[in-house]
Amino acid sequence: MRLWGGRFSAATDERVADFTRSIEVDRELALDDLAGSIAHVHGLGRAGLLTAEEVTQLVAGLEGLAAEVEAGRLEWDPALEDVHMNLEAALEARVGPIGRKLHTGRSRNDQVATDLRLWARRSIDRLDAAIVAMERALVGLAEREGEAVMPGLTHIQPAQPVLFAHHLLAYVEMLERDRGRLADARRRVNVSPLGAGALAGAGYPLDREATAAELGFEGVSANSMDAVSDRDFVVEMLAAVALGMVHLSRLAEEITWWSNPRFGFVRLADAFSTGSSMMPNKKNPDPAELVRGRAARVIGSLSGMLALLKGLPLTYQRDLQEDKPPLFESVATLRASLEVMAGMVETLTVDRERMRAAAAEGHTTATAVADALVRRGLPFRTAHHVVGALVAAAEAAGLALDAVTDAMITAALGASGDPAAVALAGTAGLADELRAAARLEGALASCDVVGGTAPARVRAALAAARARLEREG
Ligand code: ARG
Numbered sequence: 008m009r010l011w012g013g014r015f016s017a018a019t020d021e022r023v024a025d026f027t028r029s030i031e032v033d034r035e036l037a038l039d040d041l042a043g044s045i046a047h048v049h050g051l052g053r054a055g056l057l058t059a060e061e062v063t064q065l066v067a068g069l070e071g072l073a074a075e076v077e078a079g080r081l082e083w084d085p086a087l088e089d090v091h092m093n094l095e096a097a098l099e100a101r102v103g104p105i106g107r108k109l110h111t112g113r114s115r116n117d118q119v120a121t122d123l124r125l126w127a128r129r130s131i132d133r134l135d136a137a138i139v140a141m142e143r144a145l146v147g148l149a150e151r152e153g154e155a156v157m158p159g160l161t162h163i164q165p166a167q168p169v170l171f172a173h174h175l176l177a178y179v180e181m182l183e184r185d186r187g188r189l190a191d192a193r194r195r196v197n198v199s200p201l202g203a204g205a206l207a208g209a210g211y212p213l214d215r216e217a218t219a220a221e222l223g224f225e226g227v228s229a230n231s232m233d234a235v236s237d238r239d240f241v242v243e244m245l246a247a248v249a250l251g252m253v254h255l256s257r258l259a260e261e262i263t264w265w266s267n268p269r270f271g272f273v274r275l276a277d278a279f280s281t282g283s284s285m286m287p288n289k290k291n292p293d294p295a296e297l298v299r300g301r302a303a304r305v306i307g308s309l310s311g312m313l314a315l316l317k318g319l320p321l322t323y324q325r326d327l328q329e330d331k332p333p334l335f336e337s338v339a340t341l342r343a344s345l346e347v348m349a350g351m352v353e354t355l356t357v358d359r360e361r362m363r364a365a366a367a368e369g370h371t372t373a374t375a376v377a378d379a380l381v382r383r384g385l386p387f388r389t390a391h392h393v394v395g396a397l398v399a400a401a402e403a404a405g406l407a408l409d410a411v412t413d414a415m416i417t418a419a420l421g422a423s424g425d426p427a428a429v430a431l432a433g434t435a436g437l438a439d440e441l442r443a444a445a446r447l448e449g450a451l452a453s454c455d456v457v458g459g460t461a462p463a464r465v466r467a468a469l470a471a472a473r474a475r476l477e478r479e480g
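If you're matching positions, the sequence shown starts at 8 in my numbering and goes up one per residue.
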């Protein structure tokens, strides 16, 4: 018997039943639905709509169902459309006709909004823990490879040398902001729609605050129509999740390059690589590629959710049922991606020599040499010009910037046309100073500002990140 069947004389067409059913998806909400129902029963008791004895029986029945759900023993009946009606029917089967009182003062509209908010809240908490674990993996690798120097790129071209740890800590910063965005979304998720009824508010004197408090909500929705039709909390959550995937995808992209033998910066563990069905030589970074690929799906879910909402008049429209697949899938995808990336990062090995050799390619220390000239009194524009000429001379001679001759330095200073540069030529100690600045260590040490890659700064940033993670427990 359909729970809403009173005014219907004909059975639902099989195609309609198949088309509208959501139990395969929304059974994910079962425990949230039961928690909401238990709080609602207490509320009905407080309002004098159920006797103490009825409350006890209904709560015992709902708790029994929760145990069955947790044990995976509850049988879902596809004929019962969705999780709410399945659980209501299962309750009646368990406690008898008194189960028919559960839905007093409640609609599936405020019910599903409540369930989804409870689900979102606990999912955010689980995601937060997974992000922290990923941060731990990155910080662990940064600590292990604290000395490794790598080429920092702009335009994918060699730019300036950086510590590998500095590069990894950049991702820790992104992930921290992802946590912040989720925590921010959580505050707006954590509001109770229960008592909004179908759209106009429940027709009984329910103490909405008390029920909300029992469910751990921080407040109640102020408008019943908004309460049943708002899904902007889903959009916010998807936006944070999509951005988290984008961050992981960028790291995944970098790992695919770093592990390419041409780069040879890192080697992925066998456990985090896959082979080719045809080419026996292959060792592929498939998990990283799939993180990158799945980011695309999550981005699609975010834009799909926005599209779902844009044309909906108030209040609840059945379209809203379509909020769950993208949300559930995206949250699961981010969690799985965080877990697999953490494993990949924890187990990869670094070839410091290869990294260091690449860091010096492309005259990446040129900016540090120009800065050294500025410290000797030259205007930066002149210094830039002088070092540009020096880079060209080094390249023509097949020399690295830290191996240029005194004569090349004098010539470059002279070619600038700036009398200050010409006067500097041949100054005591200058050539050695410039060659020192041109060495990787010299260039790294010169970026000595908060947030810079100077080793002392990176050590401090790493220690701060580690201390913060310790506090997370
Ligand atoms: N399965 C529905 C959903 O996910 C539950 C609410 C249905 N409400 C209704 N009036 N048909 O949105």
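Where is the CB? At the ideal position from N, CA and C, for every residue including glycine.
Helix, strand or coil at residue i [DSSP, three-state]
i: A166; result: strand
i: R186; result: helix
i: R274; result: strand
i: T218; result: helix
i: S29; result: coil
i: V456; result: coil
i: S231; result: helix
i: S130; result: helix
i: S256; result: helix
i: T281; result: strand
i: S199; result: strand
i: H370; result: coil
i: Y178; result: helix
i: F171; result: helix
i: A17; result: coil
i: S236; result: helix
i: T434; result: coil
Start and end residues, beta strand (DSSP E) containing residue i
i: G159; result: 156-161
Contact belief for residue i with residue j at Cβ below 8 Å, rounded distance in angstroms
i: A373; j: L408; result: 6 Å
i: G68; j: R101; result: 5 Å
i: L36; j: V76; result: Not really, about 10 Å apart at Cβ, beyond 8 Å.
i: A444; j: A435; result: A444 to A435, Cβ: 16 Å. No contact.
i: E336; j: L315; result: Incorrect: roughly 14 Å between the Cβ atoms, too far for contact.
i: A127; j: F240; result: 6 Å
i: L397; j: V411; result: 6 Å
i: A302; j: L255; result: 7 Å
i: D358; j: G271; result: 6 Å
Burial state of residue i, where buried means 16 or more other Cβ atoms lie within 10 Å
i: E243; result: buried
i: V23; result: exposed
i: K289; result: exposed
i: L327; result: buried
i: S310; result: exposed
i: R143; result: buried
i: T27; result: exposed
i: V273; result: buried
i: M362; result: buried
i: F171; result: buried
i: A234; result: buried
i: V457; result: exposed
i: E95; result: buried
i: K331; result: buried
i: A364; result: exposed
i: P104; result: exposed
i: S16; result: exposed
N-terminal and C-terminal residue of the alpha helix (DSSP H) that residue i is part of
i: S337; result: 331-354
i: Q64; result: 59-77
i: F224; result: Taken as a continuous stretch (DSSP letters only), F224 belongs to no alpha helix (DSSP H), as it is neither H nor E.
i: K317; result: 293-317
i: E402; result: 387-404
i: L213; result: L213 -> no alpha helix (DSSP H), and no H or E assigned at all.
i: I416; result: 413-422
i: T374; result: 373-382
i: A444; result: 437-444
i: A86; result: Run containing A86: none; DSSP gives neither H nor E here.
i: P426; result: 426-431
i: H47; result: 37-53
i: E477; result: 462-478
i: R359; result: 359-367
TODO: Would you check if the region 149-164 and the region 185-201 touch, i.e. whether three or more CB-CB distances between them fall below 8 Å?
DONE: no
TODO: Taking 8 Å as the threshold, find out whether the region 212-227 comes into contact with the region 267-281 through three or more Cβ pairs.
DONE: no
Open item on the list: Check whether the region 430-450 and the region 367-386 are in contact - that is, three or more C-beta pairs closer than 8 Å.
Closed with: yes
- [ ] Examine the Cβ distances between the region 249-257 and the region 328-346 and report whether three or more of them are shorter than 8 Å.
- [x] yes
Open item on the list: Pairs of beta-carbons, one from the region 417-425 and one from the region 382-391, closer than 8 Å: are there three or more?
Closed with: yes
- [ ] Check whether the region 171-184 touches the region 194-203, taking contact to mean three or more Cβ pairs, one atom from each stretch, closer than 8 Å.
- [x] no
Open item on the list: Quick test of the definition: if touching needs 3 or more C-beta pairs under 8 Å, does the region 38-48 touch the region 103-115?
Closed with: yes
- [ ] Could you tell me whether the region 295-305 touches the region 253-271, using the rule of 3 or more Cβ pairs below 8 Å?
- [x] yes
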